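Participant:
Below is the structure:
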């Protein structure tokens, strides 16, 4: 099964991500996010960053997780492609994210993502499936 | 996405009502300005459901409104306007959007197409070189430690003090480019970190610079007051917003409001509409932070306009004064404002959310520049990069019907994915060039996503706004040079 599928939205773009666990679905949603931002096949997994986010519920956790990754990309120009989630509860997520600093001579950026939104955001605990629309 | 099948009542050829009986919890009716032809597209997606959802917000008065460029957004529809009572109303960061104070400014020039066209390639190259644009680009402004806070408080005035522009630019900027009540303590360090390197950058997506030529003047006297004297005159457009600083600020506060809603026992059909009472700490903190982000956006457009002037003057080989590069006006189309409006015959202070909608105040309104007191506030409606843009003015009718608001752009009809599937960037470029439009773009894929075919025809949108009476067409321009991020 593909890790994620894009959802068509007239003004924006979104995705549905799956996994064998909810944590894996969150990791795949993050992978989907960076696939929207850049061509990931030439990005190496040579640099890492620890990430920790928390929220009041699991929907908030997805919103904060993806927005925190957008923040790191904008501030540090890091493109991530691997997400090792080491702790995952209803309220907390800890991960080590692997990727590489954006290098215009080797990497191709595709689309700027302003933010994850709450619109149509879904976390399906039974089917380990998440859905999110991005403002682009 | 499935078509919308809710109830829609025809009021007249340009007005359509969604009755509040549609969903329990709607506090007011929805009202959409559109013609039958546009409605066929609107009904294909869920934007009218979003109009109905906005009607749930506490304290909303009049209607949950949709301007003629309405399209499917997140939370609010794009083209959504909603006004809330100060006493028991709410502020919703999603009703402003992530790109706080995204907006448009237009500069006039003394030059005609015949003088500029021979140098258009040189001009677009200079603009592309001098204005940082595109995803991953870094700005050339270096802020001292803590200086970002000055930008957030002073807005355009900070830029003028640093030499980016002229003092009289402030008079022709909405809010003077400096919204009062901005306290940087309400803006997160994450938002500031994103904003510092991006000040003075255009960004990507639908943001652009455009060299355009006036090709129709509908209202000669009004156009003249804006410095538009003749057909063929060249004007320059800048469209961008508050960059990562605004995006982060919106996200930070939406998250806070989700918690606040539980505290204030507000329930809504869409979490993206998350809100807090206007008189709560959460509500006031967001408004304070939003004003900071708005000031950042005005500073951004002010700095960019300065480089646009420099580029134009350098390529045309004349001083900025000789070139007549005056700022006609700068309008925001993503904002919440505290304004006085008439509700049921009584004047009342309201918090007007404009999400993809432009303020359109009439002649004589105290909040518009003195030089436009006779004609009303200029409104700019950019179309897609291959078609026209319009200059309009605000009207009394807008005060009566739309809380002094009108449309903001063409509105998309095709998703980015569909546009990319159906169109190729190099073909889009060739097509534009064959029609005399020189284009510089950061990415070919991005170009396909922004092609004319992905947008509604802006002329239809503007004609509806004109016929409804919420703004009046003054002039039209067509592009000859476009810079896309």
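Residue numbers (this note's numbering), protein chains in the order written: chain A, 1 to 136; chain B, 137 to 621. Glycine is no exception: its CB is placed at the ideal position from the N, C-alpha and C atoms. All figures in this text were calculated on a predicted structure; none of them were measured in a lab.
1) Alpha carbon to alpha carbon, how far is residue 48 of chain A from residue 558 of chain B? Give it in angstroms, no decimals.
2) If we cut at 8 angstroms on Cβ distances, does residue 459 of chain B have a partner in chain A?
3) Can you tell which of B:400, B:461, B:309 has its C-alpha closest to the C-alpha of residue 363 of chain B?
4) Taking residue 370 of chain B as the reference, which of B:329, B:452, B:401 has the closest Cα?
5) I'd like the list of long-range same chain contacts for residue 274 of chain B, defined as Cβ closer than 6 angstroms, with 5 residues on each side in sequence excluded.
6) Going by DSSP, what residue range makes up the beta strand (DSSP E) through residue 80 of chain A?
7) Of all the CB atoms in chain E, is at least one closer than 8 angstroms to the CB of residue 192 of chain B?
8) So which residues on chain A does residue 408 of chain B lean against when the C-beta distance must stay under 9 angstroms?
9) Comparing C-alpha positions only, which one of B:549, B:562, B:242, B:231 sits nearest to residue 177 of chain B?
10) Express the C-alpha separation of residue 328 of chain B and residue 575 of chain B in angstroms, rounding to a whole number.
11) Using only CA atoms, which one of B:501, B:392, B:206, B:222 lies nearest to residue 55 of chain A?
12) Is residue 171 of chain B closer than 8 angstroms to residue 600 of chain B when the C-beta atoms are compared?
13) Cα-Cα, which of B:342, B:429, B:402 is closest to residue 225 of chain B?
14) Would residue 91 of chain A pass as an interface residue toward chain B - the criterion being a Cβ-Cβ separation below 8 angstroms?
15) Hey, could you find the ends of the beta strand (DSSP E) residue 97 of chain A is sitting in?
16) Which residues in the same chain have their Cβ closer than 6 angstroms to the Cβ of residue 660 of chain B, if we skip the five residues on either side of it in sequence?
17) For a contact meaning CB atoms closer than 7 angstroms, what does residue 31 of chain A contact in chain B?
18) Using 8 angstroms as the cut-off, can you tell me whether the segment 260 to 271 of chain B makes contact with the segment 478 to 485 of chain B, which would need three or more C-beta pairs spanning the two stretches below that distance?
19) Compare the C-beta of residue 13 of chain A against all C-beta atoms of chain B and say whether one is closer than 8 angstroms.
20) For chain A, find out if any of its Cβ atoms is closer than 8 angstroms to the Cβ of residue 330 of chain B; answer yes or no.
21) Does the separation of the CB atoms of residue 128 of chain A and residue 21 of chain A fall below 8 angstroms?
22) Determine, for residue 100 of chain A, whether the minimum Cβ-Cβ distance to residues of chain B falls below 8 angstroms.
23) If the cut-off is 9 angstroms on Cβ atoms, which residues from the segment 202 to 216 of chain B count as contacting chain A, listed in chain order?
24) Given this structure, state the Cα-to-Cα distance separating residue 482 of chain B from residue 536 of chain B, to the nearest angstrom.
25) Leaving aside the five residues before and after residue 151 of chain B along the sequence, list all residues of the same chain whose C-beta is less than 8 angstroms from its C-beta, in chain order.
26) Skipping 5 residues on each side, what residues in its chain have a beta carbon closer than 8 angstroms to that of residue 3 of chain A?
Facilitator: Once the coordinates are examined:
1) 38 angstroms
2) no
3) B:461
4) B:452
5) 333
6) 78 to 88
7) You won't find chain E in this structure, because its protein chains are A and B.
8) 117, 118, 119, 120, 121, 133
9) B:549
10) 32 angstroms
11) B:392
12) yes
13) B:402
14) The beta carbon of residue 91 of chain A sits no closer than 8 angstroms to any beta carbon of chain B.
15) 92 to 101
16) Because residue 660 of chain B is not part of the residues shown, which for chain B are 137 to 621, the question remains open.
17) Here the premise fails: no neighbours, minimum Cβ distance about 18 angstroms.
18) no
19) yes
20) yes
21) It is a contact, given that the beta carbons lie within the stated cut-off.
22) no
23) 207, 208, 209, 210, 211, 214
24) When only Cα atoms are considered, residue 482 of chain B and residue 536 of chain B end up about 12 angstroms apart.
25) 167, 168, 169, 604
26) Same-chain partners within the cutoff: 17, 18, 19, 28, 31, 32.
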